[in-house]
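Trainee: According to mature numbering (1 follows the signal peptide of the UniProt record, and there is no 0), the residues represented by the sequence shown are -23 to -1, 1 to 141, in order. The beta carbon of each residue, even a glycine, is placed where N, CA and C say it ideally should be.
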Amino acid sequence: MTIAKTILAAAVAATAFSTPLLAQDAEFQLPEQCTTAAAAGGMDHSAMGHGGMQDDQPGGMDSGMMGMMGMGGMDLESMPEHVQENMRRMMISMPAMHEGMMNEDADVAFACGMIAHHQGAIDMAQVLLEHGDDPEMIELAGEIIAAQVGEIEQMTTWLAENAN
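#1: DSSP three-state call for ASN63: helix, strand or coil?
#2: Flag HIS94 as yes when its Cβ comes closer than 8 Å to any non-hydrogen atom of the ligand GDP, and as no otherwise.
#3: Below 8 Å on the Cβ atoms is my guess for LEU7 versus ALA73; work out the distance and round it to an integer in Å.
#4: Note the first and the last residue of the continuous alpha helix (DSSP H) segment covering PHE87.
#5: Just the Cα atoms here: how many angstroms apart are PHE87 and ALA93?
#6: Please state whether the Cβ-Cβ distance between ILE129 and HIS95 is less than 9 Å.
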């Protein structure tokens, strides 16, 4: 690992792990303005078979979600570690994105859905930092994390100030 890559990775990791929204080892949580109580008709994502991670697939991947993504029946344990980690993280952010977009208010739905969507981009960039080798991609991952963290903070602030 080059010195530049080490410094960049350390800076990105410090930035990424300084925000509680980014702690994917704990289940991703949308801001309270995005929860099912605010969703259209009180319908939450668990009512549609997206009730969080289950142990139907290796790594706790929900078989219903895997099937919807066209990955039903795949042996994830045989896939590279970075693929497994991307899938594990996606199984958290995708249902949250769906839940966020269910809000009756279009502006709130956009902010809530995008927060989860941006978290997915951060997660993918973090996996690249852990497993990638190309300096250009590592630099891009760092830039993505910095941009997405800032935008999540902007949307979270907007929700706190504007959402019911």
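Mentor: Taking the geometry as given:
#1: Here ASN63 sits in helix by DSSP.
#2: Absent from the structure shown: the ligand GDP. Ligands present: none.
#3: 5 Å
#4: 83 to 108
#5: 10 Å
#6: Yes, they are a contact pair.
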